[in-house]
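Notes follow once the structure below has been shown.
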Amino acid sequence: MPDVHVLAIDLAKRSFQVCGTDRGGAVLFNRTVSRSKLIQLLNAQPPCIVAMEACATSHYWGRVAQGLGHDVRLVPPIYVKPFVKRQKNDAADAAAIAEAALRPNMHCVAVKSAEHQARAVAFRTHQCFVRQRTQLINALRGHLAEFGLVVAQGPAHLKQIIELLAEAGAEVPDTVREIVQLYLDQIDVLTRKIEELHGRLRDATRENAEMRRLCTVPGVGPVTAGAVLAFAPDLRAFSSGRNFAAWLGLVPKQRSTGGKTRLGGVSKMGQTDIRKLLIVGAMSRIRWIIRKGILPDSWLGRLVGRKPRMVAAVALANKMARIVWAIMTREQNYRMA
């Protein structure tokens with residue numbers, strides 16, 4: 001339809017709600033189409049604004065629409081919600097997406113390339129395997145505790161299980177020993193896969209100049225660098241390092257009104273993977289300082305001296321995020337001041 005200015009799509013797996021509006025915002029149609037019909041509609045439609053929520057499969061459909069000459073706008077779901085009128089259904093969601101996409105100050109998500117998403121898949125797989133290994137280790141420790149065999153946390157202490165079973169003798173039934181071996185075999189498989197994926201990240205660090213640059217920041221390793229490149233958009237899209245830190249959720253919540261500033265705990269309203277890894281890296285730096293007994297007369301030393309460790313780690317992670325933004329936008333390696 002040549003009069004369509006905005007084509008808003010409420011995404012799903014097989015059934016898609018499509019709402020078309022003109023330049024004035026009036027709804028021309030709002031109907032359900034199948035997956036094959038959606039591709040035909042995008043192909044037949046003259047270039048227009050294609051708006052979608054930034055959710056699962058949105059980047060794929062964004063690439064498809066861009067390939068057909070459309071202007072793609074991915075709107076965060078939290079920004080679409082205020083425009084939903086009364087009851088929530090697919091038609092109301094599609095109309096809300098169309099209205100939100102035309103707001104002049106709306107912040108949209110950049111469409112990711114297939115290579116960008118491939119890095120995200122590799123990182124998610126690594127994290128998934130780590131969680132599965134932790135789950136298996138905790139389950140095994142819980143089962144052994146029922147027979148008086150207590151093992152410390154972490155994969156480094158799995159070797160003690162064989163020794164404890166040998167010392168227990170007939171107190172542990174053969175069935176339990178067979179189950180324990182199943183756990184150990186599965187944990188060993190996951191450990192090899194985790195090491196293989198971590199090796200790929202290290203190899204990518206050697207080959208990728210941006211990952212090498214990120215790894216020059218203290219507290220940032222190959223996994224964190226891979227997460228930044230996989231999940232963060234082009235950092236030049238942020239006007240400052242503070243905006244990037246706010247996008248990660250490393251800023252306090254605000255309950256300010258009437259000229260009175262009220263700040264709460266960290267907002268956690270951003271990218272969870274990068275935020276978590278930056279906090280872990282910051283905590284490792286703090287532990288190293290405390291273990292070495294070195295508390296220099298510096299910002300970090302004074303902060304650790306007067307604040308709890310986690311508060312100091314979040315503050316340091318915020319500073320690391322601003323450093324990451326600075327070195328990536330200026331294309332310079334980190335240099336200790």
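Anchor point for the sequence shown: position 294 equals 294 in our numbering, and the numbering is continuous, going up by one each time.
Beta carbons: idealized from backbone N, C-alpha and C, even for Gly.
Remember, predicted model here, so these are calculated numbers, not experimental data.
Check, Outcome
"Nonlocal neighbours in the same chain, by C-beta distance under 8 Å from glutamine 254, ignoring five residues either side", "Thr261, Arg262, Leu263 and Gly264"
"Distance, valine 121 Cα to isoleucine 279 Cα", "22 Å"
"Of the residues Val172, Val84, Cys128 and Glu163, the one placed nearest histidine 143, counting alpha carbons only", "Val172"
"8 Å Cβ cutoff met for methionine 52 and glycine 67", "no"
"Buried versus exposed call for glutamine 153 [16 or more other C-beta atoms within 10 Å across all chains shown]", "exposed"
"Cutoff 7 Å; reference alanine 101; Cβ partners in own chain excluding five residues on either side", "Val6, Ala8, Ile49, Ala51, Arg73 and Val75"
"Validate contact between the segment 271–286 and the segment 317–328 using beta carbons, cut 8 Å, 3 pairs", "yes"
"Inter-residue spacing [alpha-carbon to alpha-carbon] between arginine 35 and lysine 268", "35 Å"
"Residue from Asp22, Arg133 and Gln117 whose Cα sits closest to the Cα of leucine 182", "Arg133"
"Per-residue DSSP class, three states only, for valine 150", "coil"
"Min CB distance cysteine 215 to chain C below 8 Å", "Given the protein chain composition of this structure (a single chain), no chain C is represented."
"Cβ neighbours of serine 15 in the same chain (closer than 6 Å, five flanking residues each side left out)", "Thr32"
"Start-to-end residues for the alpha helix (DSSP H) that takes in lysine 276", "272–292"
"At least 3 beta-carbon pairs within less than 8 Å: the segment 207–216 vs the segment 231–240", "no"
"Cβ-based neighbour list, arginine 242, same chain, cut-off 7 Å, excluding 5 preceding and 5 following", "Arg322"
"Contact set for arginine 141: own chain, Cβ-Cβ below 7 Å, skip 5 residues either direction", "Val151"
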